[in-house]
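Written below as structure tokens is the structure these notes are about.
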């Protein structure tokens, strides 16, 4: 293994809505495919073990970190690191839309989706509890952070991870396609491309975006999974809504080189930002009504 | 143009020019809808579909998409004229079925309709039209069972919003690929997938009685009402804002009233709430549960 390179894979896959066993079997097949392709880090989409528009299925399909299903999932990460996504039930019976980083058969990190979209076609807060933190974590390939789908639509989430010094942001997603015009792609695809590339370039990090394909209750998931380099270039993408293993070799030294050429992170005025945010918050909250 | 008058300039052709915000990338929409049919039909254990083929643009488009998605041999069209129907509708339907190479079955619904209304001779046209729509639905669902096929719906977004359809008649289906496309977008897509131009260009009609056309019955043109609906529904413009665009107040209010008054057609029947978990209110599962 060349420590300067990382072979990543994005499992742009369909899911079976509300059938955990069927989805676990899907994961097994994708892990095997990725293993054969030499992938060292494989990312699955948001709620890959359950499907997305779960509604009242949330408590029925949730797993606990201590439960027997967790052992099976951990077992998938013996040969390669994985990011899998599931509904996690906490001991206090709150349910979270979560992504798990698994390495060597162990849970290395867990991110609970903070921003639960509850507008338009989305209804997550009706069923799920929001996470309360953005934290980075160490991987064999550098420092990483996870943001789940809607999390990336809030600038502060990626900004916080950036200040923690991440080399890699991983974004599992279940984004339904919408916005048909005469453009070549759906409006959603255009937006995500813009956001993901902007983050990679502004924060000088690698960015892995893994979206689903397939349909749930008529909503189509548009795929478009992409690997983006710290200069904002898309180095691999499956633009179509087909199942595909998107792979790329990351030159990990690119992060250092990009930050030398473009020292945005070095010049970031964190304390100024904190002071200004504190002032804004104070002004917003001191109003009598 | 009717007295409901939109205040917009009079178009030369009913289908053109295309209002730009409603212009679509036809090949992209075609791909999404073809895959939608493949996915939503097959994952629930079916291979085949049936649909009513009237010879109009909506059902011709759905038949074309279905043949592409599932293969011509998995699509059965029911051609169900009444004796008062325009013979050209039947000819157009046969042309589409022939062009696609799909299986079709003709069922003349006149005997059952006439038998029923012999007891209610004073029934008006609308009542008869609704009965015909439900007769056709009944036949489609019977064929669905006999042929182990799902019933495809052909109602477009304009019709669904305006309530221009018969509840439990043409509004009944298992899967509807066109429900999020306005009529003007249906025309564009029909053109892209190769529905005969003659069918795309002809005046839309439910063909419930001789000489009926949608636009005369509704009192406005699809291409005009689609622009209004686009602003009101998709863009959430206020009444004052669409008035500023040039739509007349009476027209706006007529359309909004239709949208509101027909909400019931777009929902399940109202259930009297008694328990703590009532179907569709606090018992909420996805339709694709387990698939």
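Protein chains in written order, with the numbering used here: chain A, 1 to 289; chain B, 1001 to 1291. The beta carbon of each residue, even a glycine, is placed where N, CA and C say it ideally should be. Predicted model, so just to flag it, every value in this text is computed and none were measured.
In this structure, DSSP gives residue 1289 of chain B a state outside helix and strand, which the three-state scheme calls coil.
Measuring C-alpha to C-alpha distances from residue 61 of chain A to each of A:22, A:272 and A:280 identifies A:22 as the nearest.
A straight-line Cα-Cα distance of about 11 Å links residue 157 of chain A and residue 136 of chain A.
The criterion of a C-beta distance shorter than 8 Å is not satisfied by residue 48 of chain A and residue 103 of chain A. Within the region 197 to 223 of chain A, those residues whose Cβ lies closer than 8 Å to any Cβ of chain B are, in chain order, 214, 215, 216, 217, 218 and 220.
Fully contained in the region 122 to 165 of chain A are the following beta strand (DSSP E) runs of length 3 or more, in chain order: 136 to 139 and 142 to 146.
With the criterion set as a beta carbon lying under 8 Å from some beta carbon of chain B, the members of the region 219 to 250 of chain A are 220 and 241, in sequence order.
When only Cα atoms are considered, residue 50 of chain A and residue 231 of chain A end up about 34 Å apart. Around the beta carbon of residue 93 of chain A, a 10 Å sphere encloses fewer than 16 other beta carbons of the protein chains shown; the residue is thus reported as exposed. Residue 184 of chain A has a beta carbon lying within less than 8 Å of a beta carbon in chain B. Chain B has no Cβ within less than 8 Å of the Cβ of residue 139 of chain A. DSSP lists A:5 as the beta-bridge partner residues of residue 251 of chain A. The continuous stretches of alpha helix (DSSP H) do not include residue 1270 of chain B, and DSSP gives it neither H nor E. Nearest Cα to residue 1096 of chain B within the set B:1190, B:1288 and B:1223: B:1190. Residue 1165 of chain B is classed as buried because its beta carbon has at least 16 other beta carbons within 10 Å across all chains shown.
By the C-beta criterion, the region 264 to 282 of chain A is judged not to be in contact with the region 231 to 240 of chain A, since fewer than 3 inter-stretch pairs fall below 8 Å.
Measuring C-alpha to C-alpha distances from residue 114 of chain A to each of A:120, A:133, A:233 and A:286 identifies A:133 as the nearest. Under the three-state reduction of DSSP, residue 1103 of chain B is assigned to strand. At the C-beta level, residue 87 of chain A and residue 99 of chain A stay beyond 8 Å of one another. Nearest C-alpha to residue 1274 of chain B among B:1230, B:1268 and B:1282: B:1282.
Just so you know, the alpha carbons of residue 1171 of chain B and residue 1153 of chain B end up roughly 7 Å apart.
At a C-beta separation below 9 Å, residue 1134 of chain B has no neighbours in chain A, since its nearest C-beta there lies roughly 25 Å away. In the three-state scheme derived from DSSP, where H, G and I count as helix and E and B as strand, residue 268 of chain A is classed as coil. A straight-line Cα-Cα distance of about 11 Å links residue 4 of chain A and residue 140 of chain A.
Membership of residue 106 of chain A in the beta strand (DSSP E) is indicated by the continuous run 106 to 112.
CA-CA distance, residue 7 of chain A to residue 250 of chain A, rounds to 6 Å. At a cut-off of 8 Å between beta-carbon atoms, residue 18 of chain A makes contact with chain B.
Chain B places a beta carbon closer than 8 Å to that of residue 55 of chain A, counting this residue as a contact. In the structure shown, residue 29 of chain A adopts helical secondary structure according to DSSP, grouped into three states. Excluding residues up to 5 positions away in sequence, nothing lies with its Cβ nearer than 6 Å to the Cβ of residue 1240 of chain B in the same chain. Closer than 7 Å at the C-beta level to chain A, one finds these residues of the region 1266 to 1290 of chain B: 1283, 1284, 1285, 1286, 1287, 1288, 1289 and 1290. Apart from the 5 residues on each side of it in sequence, residue 1130 of chain B sits with its Cβ closer than 8 Å to the Cβ of 1166 and 1169 in its chain, given in chain order. At a cut-off of 8 Å between beta carbons, residue 1028 of chain B contacts chain A.
In the DSSP annotation of this structure, the continuous segment of the beta strand (DSSP E) that includes residue 216 of chain A starts and ends at 213 to 216.
Per DSSP, reduced to three states, the secondary structure at residue 1098 of chain B is helical. For the alpha helix (DSSP H) assignment, the uninterrupted runs of no fewer than 4 residues enclosed by the region 16 to 98 of chain A are, from N- to C-terminal side, 20 to 36, 58 to 61 and 68 to 75.
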